[in-house]
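Presented below is the structure to which this report refers.
Numbering (the UniProt record's numbering), first residue to last: 1 to 237.
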C-alpha cells in the first residue's frame, strides 16, 4: 500500500495485502480484515492537482462512495459491505465479493458462456438492479461493465447475483435527465468496449423499463435525447 503504517493502523489479522488493480483514482488491494476476506480501496494523491484541491476532491469522492453504498444497502440493492473507513489514509475496507468477475471480463469471454438463456437472465437482472437504484433516486455516476460484478461460474442461480461497485461519483437525484445520463454512460461503455454485445445491452434496457414502468419509459425517451446531443457534439467537434 502507500506505506506499511496503513496496515498497522487498520490492524489486519492477516497483514498480507496484495495489489490487484490500479486505476486513475485508486489502488485496489486484496486483504484479510479480522479474519474476513476484504478489499481495500486506497485513493492516492494526484500530483498534477493542487494539494488542497486534491484533498477536497478525494474526501468528497470518499463521502459520495460511502453514502451511495449505505443508501443502496438499506434499499436491498446488492453492493459490497463497508468494514472500515480511514479518512486520514483515504482508505475504505470493503467485504470481498468472492468468486465474482467483472461484467467486462464476462462479456470479453462471451463465446465461453454457452447457454443463451443464462446470458439473457443476467442482462435482465442487471436491468432490474439499475431500475431499483434509479427508482430510489440513486445515480451511480460511473456505470461501466467494470463496475458490475457477477458471481462465477455463471449458472441459473449466479446470474441473479449482480453487485454494483465504485460509487465515488454517485449522488441522489429524482431527475429523469440524470437517470438517462447514467444509462448513457453505460451505453458508451458497451459501444466502445463490447460492440458485439448490443443485444445484451438492449435486454438490460427492456428489463429496466419492465421493472420501472411508466417512469422507466420516460427515462428511455430522455436517453434518446441524450444520444442526440452526443451525436451533435461529435459533429461540431
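A virtual CB, placed ideally from N, CA and C, is assigned to each residue, including glycine.
DSSP on residue i, reduced to helix/strand/coil?
i           : result
residue 127 : helix
residue 77  : coil
residue 61  : helix
residue 101 : strand
residue 86  : strand
residue 151 : strand
residue 16  : strand
How is the alpha helix (DSSP H) around residue i delimited, first residue to last?
i           : result
residue 163 : Residue 163 -> not in any alpha helix (DSSP H); beta strand (DSSP E) instead, spanning 162 to 164.
List the DSSP bridge partners of residue i.
i           : result
residue 21  : 28
residue 138 : 172
When you compare only the Cα positions, how much space is there between residue i and residue j?
i           : j           : result
residue 67  : residue 167 : 8 Å
residue 131 : residue 182 : 11 Å
residue 48  : residue 120 : 44 Å
residue 29  : residue 171 : 25 Å
residue 62  : residue 79  : 15 Å
residue 82  : residue 164 : 13 Å
residue 146 : residue 107 : 10 Å
residue 53  : residue 71  : 27 Å
residue 213 : residue 69  : 25 Å
residue 150 : residue 56  : 33 Å
residue 206 : residue 197 : 14 Å
residue 138 : residue 188 : 20 Å
residue 13  : residue 32  : Interpretation of residue 13 is limited by its pLDDT of 47, a score under 50 that renders its predicted location unreliable; no figure is taken from the coordinates.
Quick one: does residue i have its CB under 8 Å from some CB of chain B?
i          : result
residue 92 : Any reference to chain B falls outside this structure, which holds one protein chain only.
Would you mind reading off the limits of the beta strand (DSSP E) that contains residue i?
i          : result
residue 94 : 91 to 95
residue 36 : 36 to 43
If we require 4 or more residues per run, which alpha helix (DSSP H) segments fall completely within the segment 153 to 212? Those alpha helix (DSSP H) runs which fall completely within the segment 153 to 212 and span 4+ residues are 176 to 193 and 198 to 212.
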